Structures are given as structure tokens and as C-alpha cells.
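Worksheet: the structure to be examined is printed underneath.
Numbering (our numbering), first residue to last: 12 to 179.
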């Protein structure tokens, strides 16, 4: 199967209550830019959720991803403050000053690997494969980080967190 140039992302929906059930997982809401990473033959491209090529803006992340196998990964680019929390103002400042090395790409979904479209697999399996991909290809801990999901009931988690994302 040929790898597509871009896959439109699944977007979050606001809900009054977090969904419950075994088919749902929950992720921390990051305050950054949703980006899709596409790697083919050692060249990495970063695209916005509308498909715009922002590789030059995120050059350090693209450079770090170049040694990954051919794939498409979904995630969010953030800047972290001195406490390690996402800081949108710092992200905008880093972009305007060309400091992509100060940014981190938190990855949460694995859409395509080599010639295999992974979207038919359960999200938890795709995430497991993504975590394995990053682990077997060396250290990406400075620029590219896998983000864990939370499998506990949404209502219990919501009592402890103000922002969350639920994905089926």
C-alpha cells in the first residue's frame, strides 16, 4: 500500500462529561500545535492539521525524525516552561525566533508504517507500536516523546484534571 502524503486528523470534540467504557482512552490536553509527521526514505515532513507544510518551522524535530522508518505519526508540538508544563506563549516565541530546537513533539497516534495502513487497528495497538518504534530507533527523548494514555474511567480522571482528550 502506498503511503499517502497526508491523512486528515481526527479532531477533538467538546463534551459536557468524559465518555466512559472500555473502548475509550484519555489523554492530557497539550497546549500546542497539532502536527503530522511523515517520514519517507529518510526525509521527514511536518504538516499542520490542514495539511500545510511547516517542516522549516520545526526543522529540529524533522531532523530528529529522519532516521525513523517510513511512517506517518500524529502528535502535537509544544514548548515546555521551567516546570515542564506546556506553554503556548513560549511556543509562539520559539517559532518567531526560529528556535525549533526548544520544542518537543509529543506523539500519540501511529497512522502508517512502511506499506501498512494502521488506521484499522485499535488505538491502543497503534500506540503500542508507536512506543516500540521510538524505542527501537534510538533516543528521541529530546525532540520526540511518546505520550501515554490513561485507561481509567473518564469521570474519575476528570475529577483530577481540568483538560483532557478522549479518543475511541
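Cβ coordinates follow ideal geometry from the N, Cα and C atoms, glycine included. Since the model is a prediction, treat every value here as computed from it, not as a measurement.
Closest Cα partner of residue i within the set the options
| i | options | result |
| --- | --- | --- |
| residue 12 | 82, 137 and 110 | 82 |
| residue 42 | 89, 110, 155 and 118 | 89 |
| residue 92 | 102, 86, 85 and 84 | 102 |
| residue 15 | 114, 33 and 49 | 49 |
| residue 117 | 28, 39, 29 and 27 | 39 |
| residue 155 | 94, 77 and 99 | 77 |
| residue 45 | 97, 59 and 34 | 59 |
| residue 85 | 97, 26, 29 and 124 | 124 |
| residue 144 | 132, 157 and 135 | 157 |
| residue 159 | 122, 32, 36 and 26 | 36 |
Residue range of the unbroken alpha helix (DSSP H) whose run includes residue i
| i | result |
| --- | --- |
| residue 102 | 99-107 |
| residue 74 | 70-76 |
DSSP bridge partner residues for residue i (one or two, in chain order)
| i | result |
| --- | --- |
| residue 113 | None; residue 113 has no bridge partner. |
| residue 56 | 49 |
| residue 128 | 123 |
| residue 118 | 86 and 157 |
Cβ-based burial, residue i [other Cβ within 10 Å; buried from 16]
| i | result |
| --- | --- |
| residue 172 | Low local confidence applies: a pLDDT of 48 at residue 172 is under 50, so the model's placement there is unreliable, with the coordinate-based value given in what follows. Residue 172 should be labelled exposed. |
| residue 138 | buried |
| residue 120 | buried |
| residue 110 | exposed |
Contact belief for residue i with residue j at Cβ below 8 Å, rounded distance in angstroms
| i | j | result |
| --- | --- | --- |
| residue 18 | residue 47 | 7 Å |
| residue 69 | residue 114 | 7 Å |
Element boundaries [beta strand (DSSP E), containing residue i]
| i | result |
| --- | --- |
| residue 84 | 82-90 |
| residue 155 | 155-157 |
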